[in-house]
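Sequence positions in the sequence shown follow mature numbering (1 follows the signal peptide of the UniProt record, and there is no 0) and run -25 to -1, 1 to 335.
Note that CB positions come from ideal geometry on N, CA and C, so glycine has one too.
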Amino acid sequence: MKSLLTILAGLALCAGMTGCRSYQADVSPDGRSVAVVTDKGVTIGPADGGKSRLVLKGAYDSPRYSPNGRFVAVHATKSKTVLIDPRTGQSTTLSTALEPPYAWRPDSSELLGWRAPGRASVLNVGKRIVVRGMDIPRPLDLVWFDDGSLALKYSGSVAYWHGGATKTIPTQLASVSALTGNSRSLVWMETTEGGGSDLPHEKSILRSYDLKTGAISTLRETPDIANLLGGKRYFCPTAFSISPDGDRLAFAGFEDLSPPGILDQLLAVQRSRVSDPKNRALKEKENSFLSQVRMRVVTATTSIRNGGFVEVAHSPTMGSSKKRLEPQWDWGCPNDIRWARNGQSISVAYTSGAQVLRLN
């Protein structure tokens, strides 16, 4: 009988294999297209079905749509930054290489990345030159706001950068799993390590920080969150994402740890109204999108603060979408979950596939 740790370790085997790369994905701001990094290169296709295009061959990572949808920034493993026009598939390699994580200015005029030894640099997309640098330690992820300020996520802390000064916001638990915000407040998810980075989290807290008053508030915490999720306490280690408006939480968790060897993924979205969500799976080999979804509503209210989740239990499939297929469980926990800027679509990336969840 396999232990949970053995199962999760098996899901990460791709990371150590030559030529085998985990998928990464990002949905366009309007939710109509999705950029997926596979072991073949960068693929762009419609999120609601249809053929996709392999626009770049080779090893890439960290796809990020610009807020206006005109560019997709990707990072090449040879320390190059490439901009792709998703409409034509044409690409341009920037003269100055930036390391991820990437962040776009909300007006799409500039791209922020990182240069050794961890110094933040901003490229003007039109002129493709470094316009300024900022002394900010390299984070795991970040959000760029309309007023030029930044929200920064580190492994065990949250920071806010504005006007050349960085403020570190105290956290209670070991890991920060998700972060979003705006020019008024930040919202983030804190979790325990669950006894190891490959084990499900045992405790979680949703917190917010008021940028004007400096007040920190706890929105939800276990067992409160677990009760809202039908008594579930265990979540995939890295699969959390908070909607751009800070009101909805998308996550993946373990629906049932028995029988061993089967991980039933839950992609849950807290939302006031959800009708007929479509779960799309991208299979790059066949250059097509596949679909299968089953849904059950636990409860539905307006925001993280008010509680309630709509859970979408999804089973990744491989094969033709014209016939019913048995779910493939070998995809395991997602590597990443990301909201589209419109708050209506979510990309979900796995070790061996990617999906788009559209909320109608």
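Pick from Pro114, Thr63 and Ile59 that is closest to Gly88, judged by C-alpha positions: Pro114
C-beta contact flag for Ser322 and Arg333 at 8 Å: no
Buried/exposed call for Val97, threshold 16 Cβ in 10 Å: buried
Residues of its chain near Ser8, where Cβ-Cβ distance is below 7 Å and the 5 sequence neighbours each way are ignored: Ile19, Gly20, Pro21, Ala22 and Pro61
Top-ranked residue by Cα proximity to Thr63, from Ala72, Gln319, Val47 and Ser70: Val47
Residue from Trp79, Ser218, Met109 and Arg45 with nearest C-alpha to Arg90: Met109
Backbone secondary structure at Phe46 - three-state DSSP: coil
Selection from Ser54, Asp5, Thr71 and Val12 that minimises the alpha carbon distance to Arg45: Asp5
From Ser130, His137 and Pro112, residue whose alpha carbon lies closest to that of Trp119: His137
Gly221 classed as buried or exposed, judged by whether at least 16 other C-beta atoms fall within 10 angstroms: buried
C-alpha distance - Glu165 paired with Asn43, whole-angstrom precision: 31 Å
Spatial distance of Ser41 from Thr141 (CA atoms): 25 Å
6 Å Cβ shell around Val49 - same chain, five flanking residues per side excluded: Val17, Tyr35, Pro38 and Val57
Any non-hydrogen atom of the ligand ATP within 7 Å of Ala134 CB: The ligand content of the structure shown is nil, which means the ligand ATP is not present either.
Contact check, Ser160 vs Ser130, beta carbons under 8 Å: no
Boundaries (first-last residue) of the beta strand (DSSP E) holding Leu127: Leu125 to Lys128
Reduced DSSP category for Gly318 - H, G, I as helix; E, B as strand; rest coil: coil
Rounded C-alpha distance that separates Leu73 from Lys55: 7 Å
Same chain, Cβ closer than 6 Å to Ile144, neighbours up to 5 away in sequence not counted: Val133 and Tyr184
Anticipated Cβ contact below 8 Å, Lys128 with Leu154, distance rounded: 4 Å
Assigned secondary structure, Ile191 (DSSP; H/G/I helix, E/B strand, else coil): strand
Assigned secondary structure, Asp5 (DSSP; H/G/I helix, E/B strand, else coil): coil
Contacts around Ala78, its chain only, beta-carbon distance under 6 Å, and the 5 residues preceding and following it disregarded: Leu87, Leu117 and Trp119
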